[in-house]
Amino acid sequence: MKIRVNFVSNSSSSNCIVVAKPLSQEYVKKIVGGKGKCENQLNAFAREGSLGDGQDFFAVSNDLLKAMCEYDIMDKFHFYDVFAIWEADYESTKTRKDFPKGQFAIFDVEIDYHTTDDVPKLLERYYKYEADTKSEEV
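Numbering (our numbering), first residue to last: 1335 to 1472.
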């Protein structure tokens, strides 16, 4: 059982508020091909599953992005151009005018501290699992 008292926690995750622009997979593939760009920080949010106490929401490096394409696992993620990530108890003074024009999303996510941060972890969590599942079906 998890017990929280003020800011003391035994959790390996953190509740955060994310302000971001959703990106289509087609647009993200253009980034890989050098024909698109992310204005801020490209992040991915796993569509399924979680890690330990939270969800897998992580910054996407060029290496991770290339591996997602190469191993055909992009459909496992939602992609975002992230403007800001705040701890849930953070009091921001930003207003709408502080963010770029156009549509964006604001959502609450419990981010696991053991998030995906390199290609071996990505493949173990999202490609190996899929390959194991397919072999079990045969």
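Just so it is clear, CB atoms sit at the ideal spot from N, CA and C, and this is done for glycine as well.
| Check | Outcome |
| --- | --- |
| Start-end ranges of the alpha helix (DSSP H) lying completely within the segment 1427 to 1465, minimum 4 residues | 1453 to 1456 |
| For C1350, the three-state DSSP class (helix, strand or coil) | strand |
| Coarse secondary structure for I1407, derived from DSSP in three states | coil |
| Secondary structure of V1366, DSSP reduced to three states | helix |
| Status (buried if at least 16 other CB within 10 Å, exposed otherwise) for A1422 | exposed |
| Proximity of K1400 and R1381 at Cβ, strictly below 7 Å | no |
| Three-state class that DSSP yields for N1377 in the structure shown | strand |
| Closest residue to D1390 among G1368, K1364, N1377 and V1353 (Cα-Cα distance) | N1377 |
| Which listed residue (D1446, D1452 and N1349) has its alpha carbon closest to that of M1402 | D1452 |
| Rounded straight-line distance, which links the Cα of K1371 to that of E1404 | 19 Å |
| Of the listed residues F1413, E1444 and Q1437, nearest to Y1361 (C-alpha basis) | F1413 |
| Where the beta strand (DSSP E) containing A1422 begins and where it ends | Counting along the chain, A1422 falls outside any beta strand (DSSP E), and DSSP gives it neither H nor E. |
| Where F1417 falls, given that 16 or more other Cβ within 10 Å makes a residue buried | buried |
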